[in-house]
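Inspection log for the structure reproduced underneath, given as structure tokens.
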Amino acid sequence: MLVISKIKPFFLSSFLISSIAFSQAHNVSDGYQKPTDPLVAQNLEQWQDMKFGLFMHWGTYSQWGIVESWSLCPEDESWTQRKPEHGKSYYEYVKNYENLQTTFNPTQFNPQKWAHAVKKAGMKYVVFTTKHHDGFAMFDTRQSDYKITSPKTPFSKNPKSDVVKEIFNTFRKEGFKIGAYFSKPDWHSDDYWWSYFPPKDRNVNYDPKKYPEKWNNFKKFTFNQLNEITSNYGKIDILWLDGGWVRPFHTIDPKVEWQRTIKVEQDIDMDRIGTMARKNQPGIIIVDRTVPGRWENYVTPEQAVPEHALDIPWESCITMGDSFSYVPNDHYKTSQKIIETLVKIISRGGNYLMNIAPGPTGDYDPVVYERLQQISRWMDQNQTAVFATRSIAPYHDGNYYYTQSKDGKTVNIFHLDENTDYKSPSTLSFTIPDNVKPKSLKILGLPSKIQWKKSGNSIEINVPEERARLQYSTVIQIMQ
Numbered sequence: 435m436l437v438i439s440k441i442k443p444f445f446l447s448s449f450l451i452s453s454i455a456f457s458q459a460h461n462v463s464d465g466y467q468k469p470t471d472p473l474v475a476q477n478l479e480q481w482q483d484m485k486f487g488l489f490m491h492w493g494t495y496s497q498w499g500i501v502e503s504w505s506l507c508p509e510d511e512s513w514t515q516r517k518p519e520h521g522k523s524y525y526e527y528v529k530n531y532e533n534l535q536t537t538f539n540p541t542q543f544n545p546q547k548w549a550h551a552v553k554k555a556g557m558k559y560v561v562f563t564t565k566h567h568d569g570f571a572m573f574d575t576r577q578s579d580y581k582i583t584s585p586k587t588p589f590s591k592n593p594k595s596d597v598v599k600e601i602f603n604t605f606r607k608e609g610f611k612i613g614a615y616f617s618k619p620d621w622h623s624d625d626y627w628w629s630y631f632p633p634k635d636r637n638v639n640y641d642p643k644k645y646p647e648k649w650n651n652f653k654k655f656t657f658n659q660l661n662e663i664t665s666n667y668g669k670i671d672i673l674w675l676d677g678g679w680v681r682p683f684h685t686i687d688p689k690v691e692w693q694r695t696i697k698v699e700q701d702i703d704m705d706r707i708g709t710m711a712r713k714n715q716p717g718i719i720i721v722d723r724t725v726p727g728r729w730e731n732y733v734t735p736e737q738a739v740p741e742h743a744l745d746i747p748w749e750s751c752i753t754m755g756d757s758f759s760y761v762p763n764d765h766y767k768t769s770q771k772i773i774e775t776l777v778k779i780i781s782r783g784g785n786y787l788m789n790i791a792p793g794p795t796g797d798y799d800p801v802v803y804e805r806l807q808q809i810s811r812w813m814d815q816n817q818t819a820v821f822a823t824r825s826i827a828p829y830h831d832g833n834y835y836y837t838q839s840k841d842g843k844t845v846n847i848f849h850l851d852e853n854t855d856y857k858s859p860s861t862l863s864f865t866i867p868d869n870v871k872p873k874s875l876k877i878l879g880l881p882s883k884i885q886w887k888k889s890g891n892s893i894e895i896n897v898p899e900e901r902a903r904l905q906y907s908t909v910i911q912i913m914q
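Following our numbering, the numbering of the sequence shown begins with 435 at its first residue and continues without gaps.
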């Protein structure tokens, strides 16, 4: 994905966003168009109920423990820098990078282990990188030999070599919605980075209007790969398209810095792609990131959470560690920080797509399983305040965050304390949302009856001694 592991050049265009780990944010497009297809609308509504999803960036690059794809990009930015031991010159580096295909053999790959762990932690959909910008396909494409199922790749001899098939089938059986990440740019394709010219930056390295046959070949290649993914891999619920610089030139927003680097027309014909995808997968959600219009069914702030509630469908994609791709000894966020982030996102009406990167052996870091187990205990107590909820004003007031059930019968108030390891105080006082008439109240995870009193538009509660068992937050549920 994404433009990076640690710092990525995506910037906000229309909403104020606060950074989670670094001061970075994918822009949120103006001009959102609500889908008119009733099957898409239904799928989108179900997706908004799910709240918590798994993102996975995985490819040959995990063997070097580097940022996904971006070191191939000849831009002088922090996320593109190359390690000298991997090649003295740019072209030697590219050759060695692409040669990683010949050593990729993740024999510990076991998607059932992943699905079991993340399902217990409350995740309900998965988005997996079928192909990143480097062009290496993690599925059995017929369009290229640069793929995990090629005889050049040692893992091709494994019965689970079609990684996309194994992941999608496994997670689907566990009840997950299935999302296919796909990079529109392909830096391995000679029809995108034509070998006649050196690549200049992330964009196509020739003028498609000057060489229309070349560009048409790339459009066919992209269409055919997406047709394979949406035809050959069972039911797919989300097509998550990255690489927003591949777009019609007239859609460029000059207020967005990275979009100003696009100098030529790169229309990939999304109408043809989207129509094909919907024919193969009726009701599929299509996320053409940062390209406003009918094919951006929800927006995707990256490594950041909007400061305020948004009235359109949205999802923050945020890493569990510092990197989207596997990095040895990555710094993984605490379970408390993950829960705090989830609460902020759902209080503002969004979904949390948390990225976990498998390593070169085909498994997660052991720390990941520890975090997932800790999150699962919190979810067991508090899931009714998380799933199938929507935002409600005031959304956020001091240390309190609000959600409501879709039917409006319950209101949930999350108390957080980001400054310390969470300990529930003996007394909590918070504002009641307008027009909410409390009939009863409980604290999720505590069996005791709660003493509370209403005064004007606020409620004060006494938290019983069992509060010591509450981790990461106190969640109050008001029944109307």
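Yeah, the Cβ is synthetic: ideal placement off N, Cα and C, and Gly gets one too.
Legend entry - the stretch 711-719 contacting the stretch 663-674, beta-carbon criterion three pairs below 8 Å: yes
Inset, instruction - Could you tell me which uninterrupted beta strand (DSSP E) segments, each at least 3 residues in length, are contained entirely in the stretch 583-633, listed from first to last along the chain? - result: 611-617
Legend entry - Coil, strand or helix - D676 by DSSP: As a working mapping, residue 676 is identified with position 242 in the sequence shown. The answer is strand: DSSP assigns D676 an E or B state.
Legend entry - heavy atom of the ligand FAD below 6 Å from V733 C-beta: The ligand content of the structure shown is nil, which means the ligand FAD is not present either.
Inset, instruction - Pick out whichever of E894, Q546, T823 has its Cα sitting closest to the Cα of K840. - result: The residue labelled residue 840 in the question sits at position 406 within the sequence shown. Of the candidates E894, Q546, T823, the one whose C-alpha sits nearest the C-alpha of K840 is T823.
Legend entry - Between the CA atoms of P593 and D799 - distance to the nearest angstrom: Residue numbering aside, residue 799 sits at position 365 when the sequence shown is read from its first letter. Residue numbering aside, residue 593 sits at position 159 when the sequence shown is read from its first letter. D799 and P593: Cα-Cα distance of roughly 24 Å.
Inset, instruction - Starting from W886, follow the beta strand (DSSP E) in both directions and report where the run begins and ends. - result: Residue 886 sits at position 452 when you count from the first residue of the sequence shown. Taken as a continuous stretch (DSSP letters only), the beta strand (DSSP E) holding W886 covers 885-889.
Legend entry - Cα-Cα separation, N896 to L862: Along the sequence shown, read from residue 1 onward, the residue named residue 896 stands at position 462. Along the sequence shown, read from residue 1 onward, the residue named residue 862 stands at position 428. Spanning the two alpha carbons is a distance of roughly 7 Å.
Legend entry - Pick from S512, L904, Q885, N661 that is closest to D855, judged by C-alpha positions: Start at 1 with the first residue of the sequence shown, and residue 855 comes out as number 421. Among S512, L904, Q885, N661, the Cα nearest to that of D855 is on L904.
Inset, instruction - Could you tell me which residues DSSP pairs with D722 in its beta bridges? - result: If you number the sequence shown from 1, residue 722 lands on position 288. L675, per the DSSP bridge assignment.
Legend entry - Candidates P633, Q807, I707: closest to E509 by CA position: The sequence position of residue 509 within the sequence shown is 75, counting from 1. Per the Cα distances, P633.
Legend entry - Residue from K554, Q693, D635 whose Cα sits closest to the Cα of S503: The sequence position of residue 503 within the sequence shown is 69, counting from 1. When only C-alpha atoms are compared, the closest one is D635.
Legend entry - D422 to D764 span [Cα, whole Å]: Within the shown structure, residues of the chain are numbered from 435 to 914, placing residue 422 beyond reach of any answer.
Legend entry - Cβ-Cβ separation, P792 to W498 (assumed contact under 8 Å), whole Å: Working through the sequence shown from its first residue, we reach residue 498 at position 64. Working through the sequence shown from its first residue, we reach residue 792 at position 358. No, W498 and P792 are not in contact; Cβ-Cβ is about 14 Å, not under 8 Å.
Inset, instruction - For the beta strand (DSSP E) containing N399, list its first residue and its last residue. - result: Lying before the first or after the last residue shown, residue 399 is absent from the chain, which here runs from 435 to 914.
Legend entry - Alpha-carbon to alpha-carbon, F562 and G487: On the sequence shown, position 53 is the one that residue 487 refers to. On the sequence shown, position 128 is the one that residue 562 refers to. Cα-Cα distance, rounded: 11 Å.
Inset, instruction - Assign S789 to buried or exposed, taking buried as 16 or more other Cβ atoms, counted over all protein chains shown, within 10 Å of its Cβ. - result: Numbered from its first residue, the sequence shown carries residue 789 at position 355. The residue you asked about is not Ser; residue 789 is Asn in the sequence shown. Its Cβ being crowded by 16 or more others within 10 Å, N789 is buried.
Legend entry - Residues bridged to Y524 (per DSSP): As a first step, residue 524 is located in the sequence shown; it is residue number 90 there, counting from the start. Paired residue(s): none; Y524 is not in a bridge.
Inset, instruction - Go through its chain and collect everything with a Cβ distance to K485's Cβ below 6 Å, but skip five positions before and after it. - result: Locating residue 485 in the sequence shown gives position 51, where the first residue counts as 1. Contacts found: I780, N785, V820, F821.
Legend entry - Ordered list of beta strand (DSSP E) runs contained in the stretch 783-841, each at least 3 residues: 785-789, 834-839
Legend entry - With 16 other Cβ atoms within 10 Å as the buried cut-off, status of G613: Within the sequence shown, the letter at position 179 stands for residue 613. When all chains shown are included, G613 counts as buried.
Inset, instruction - Report yes if the CB atom of W748 is closer than 7 Å to the CB atom of Y732, and no otherwise. - result: Position 314 of the sequence shown, counted from the start, is the residue given in the question as residue 748. Position 298 of the sequence shown, counted from the start, is the residue given in the question as residue 732. For W748 and Y732, yes; Cβs fall inside 7 Å.
Inset, instruction - Using 10 angstroms around the beta-carbon of M913, count the other beta-carbons present and answer buried if the total reaches 16, otherwise exposed. - result: The sequence position of residue 913 within the sequence shown is 479, counting from 1. Counting Cβ neighbours within 10 Å, M913 comes out exposed, since fewer than 16 surround it.
Legend entry - According to DSSP, residues forming a beta bridge with H849: Within the sequence shown, numbered from 1, the residue matching residue 849 stands at position 415. Answer by DSSP bridge pairing, in chain order: Y834, T908.
Inset, instruction - Starting from the C-beta of G879, find all residues in its chain whose C-beta is less than 8 Å away, skip the five residues before and the five after it, and write them out in chain order. - result: Taking the first residue of the sequence shown as 1, we reach residue 879 at position 445. Around G879: Q815, N816, R903, L904, V909.
Legend entry - Distance, L660 Cα to I707 Cα: Position 273 of the sequence shown, counted from the first residue, corresponds to residue 707. Position 226 of the sequence shown, counted from the first residue, corresponds to residue 660. Computed Cα separation, rounded: 8 Å.
Legend entry - Cβ neighbours of V777 in the same chain (closer than 7 Å, five flanking residues each side left out): If you number the sequence shown from 1, residue 777 lands on position 343. Y835, F848, L850, S907, listed in sequence order.
Legend entry - Opening and closing residue of the beta strand (DSSP E) in which T753 lies: Residue 753 sits at position 319 when you count from the first residue of the sequence shown. Looking at the DSSP string, the run of the beta strand (DSSP E) that includes T753 is 749-753.
Inset, instruction - Could you check which residue in I702, T470, D471, T865 has the C-alpha nearest to that of G890? - result: The residue labelled residue 890 in the question sits at position 456 within the sequence shown. Per the Cα distances, T865.
Legend entry - Three-state secondary structure (DSSP) of F711: The residue you call residue 711 lines up with position 277 of the sequence shown. The question names Phe, but residue 711 in the sequence shown is Ala. Correct three-state label for A711: helix.
Inset, instruction - Give the DSSP-derived three-state secondary structure of I500 in the structure shown. - result: Mapped onto the sequence shown, residue 500 falls at position 66. I500 falls in the coil class under three-state DSSP.
Inset, instruction - Name the two residues that bound the continuous alpha helix (DSSP H) containing M484. - result: Residue numbering aside, residue 484 sits at position 50 when the sequence shown is read from its first letter. From DSSP, the alpha helix (DSSP H) with M484 extends over 472-484.
Legend entry - Start-to-end residues for the beta strand (DSSP E) that takes in S863: As a working note, residue 863 is residue 429 in the sequence shown. S863 -> beta strand (DSSP E) spans 861-865.
Legend entry - Contact under 7 Å by Cβ, N651 with D625: In the sequence shown, counting from the first residue as 1, residue 651 sits at position 217. In the sequence shown, counting from the first residue as 1, residue 625 sits at position 191. Yes, they are a contact pair.
Legend entry - Beta-bridge partners of K876, as assigned by DSSP: By 1-based counting over the sequence shown, the position of residue 876 is 442. DSSP output for K876 lists Q911 as bridge partner(s).
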